[in-house]
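In this note's numbering, the protein residues as written are 1138 to 1343.
Every residue, glycine too, gets a C-beta built ideally from N, C-alpha and C.
Report on one structure; see the data block that follows.
Here is the structure:
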């Protein structure tokens, strides 16, 4: 795993999570997000033909491309082969961790409870994604810092421009931006100016 992964994520602070039934141009989508200040993009396996989008997005060199909702070793390998430079899971997935470790690819492992955070660390997660973050709020991140000082936590699920700064202030290493920044209708319509403005607005809120 690259030693630059966590410092870069901490510096950029935001991962745009793409869940859209239709993506006409993944590289153009990444360019629109980067123009608005978001340079980390996660294409989820709930998106049809996600590996094609990963390959196209990888052509945009200014963006760090990752695959999300990775559930199996086969999905992990397919994402890595398509150009994903990091993987994100919704929960603790040993198969994914093993495949990523073999390839030297970092994993942001999903968890919610303190026990699940420990399990993610046992699986050598580069960072732990707390999902759904909005269910317990920013204070939960401060609470987790007690037993897990220094563990990089990523807030995902219900994070928006109104609360993202509070998650970061409470100790989150980074936050995930979803439909507020990349609404499916705008993506399907290739409305990149809207995506760029949404990204700018989100980044200003931090």
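Here residue 1161 really is in contact with residue 1327; their C-beta atoms are around 5 Å apart, less than 8 Å. The stretch 1307 to 1322 makes no contact with the stretch 1211 to 1220: fewer than 3 CB pairs, one atom from each, lie closer than 8 Å. Counting C-beta atoms within 10 angstroms of its own C-beta, residue 1169 has 16 or more neighbours from the protein chains shown and is therefore classed as buried.
Residue 1201 sits in a strand when the DSSP states are folded into three classes. Nearest to residue 1233 by alpha-carbon distance, out of 1205, 1163 and 1267, is 1205. Taken through DSSP and simplified to helix, strand or coil, residue 1217 comes out as helix. By the Cβ neighbour-count rule, residue 1200 is buried, with 16 or more other Cβ atoms within 10 Å of its own. Measuring C-alpha to C-alpha distances from residue 1284 to each of 1177, 1336 and 1252 identifies 1252 as the nearest. Non-local C-beta neighbours of residue 1189 in its own chain, meaning closer than 7 Å and more than five positions away in sequence, are absent.
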